[in-house]
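Below: one structure, written as structure tokens.
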Amino acid sequence: MSGNFAITNEGTLAVALAELEAHLGEVMKEVRRLRALARSLEEENQRLRTIMIAEQAGEGGYQSLLRFYEEGFHVCPPHFARVRDGEGCLFCLSFLEKKKGMPSHG
Ligand SMILES: [Zn+2]
Numbered sequence: 392m393s394g395n396f397a398i399t400n401e402g403t404l405a406v407a408l409a410e411l412e413a414h415l416g417e418v419m420k421e422v423r424r425l426r427a428l429a430r431s432l433e434e435e436n437q438r439l440r441t442i443m444i445a446e447q448a449g450e451g452g453y454q455s456l457l458r459f460y461e462e463g464f465h466v467c468p469p470h471f472a473r474v475r476d477g478e479g480c481l482f483c484l485s486f487l488e489k490k491k492g493m494p495s496h497g
């Protein structure tokens, strides 16, 4: 994208507006493309986070899950590894409570 709209003295306002509209159309197309890209990256990120948390939870058990919860992620099965948006989650808390009672290593 050049970003130059090249409005000159010869060009009428109508022409300038038509050009601007064409550019806007391109920009909107780009916005849609980037939005789709952002969504696919977020999905990929979510997948990787799920794998990472599941692996570390397997190793460290309760302590790892508690740390992820405190860092702002769900550790409960229904929303596993999703961002909590700063809200408490009853599923997470009861899941952690259950985990707490289990020995993490043997
Ligand atoms: Zn949760």
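Start counting the sequence shown at 392; every next residue gets the next number (the numbering used here). From the three backbone atoms N, C-alpha and C, an ideal C-beta is built for every residue, glycine too.
Going by beta carbons, residue 473 and residue 464 fall inside the 8 Å limit.
By the neighbour-count definition (other C-beta atoms within 10 Å, threshold 16), residue 444 is a buried residue.
For ligand 1, no non-hydrogen atom lies closer than 7 Å to the CB of residue 459.
At least one heavy atom of ligand 1 lies closer than 7 Å to the C-beta of residue 465.
When the beta-carbon positions are compared, residue 487 and residue 456 come within less than 8 Å of each other. Among the bridge pairs identified by DSSP, residue 464 is matched with 474. Under the three-state reduction of DSSP output, residue 480 falls in the coil class, being neither helix nor strand. Proximity of the beta carbon of residue 414 to ligand 1 is not indicated: no heavy atom of the ligand is located closer than 7 Å. By the neighbour-count criterion, in which 16 or more other beta carbons inside 10 Å mark a residue as buried, residue 422 falls on the exposed side.
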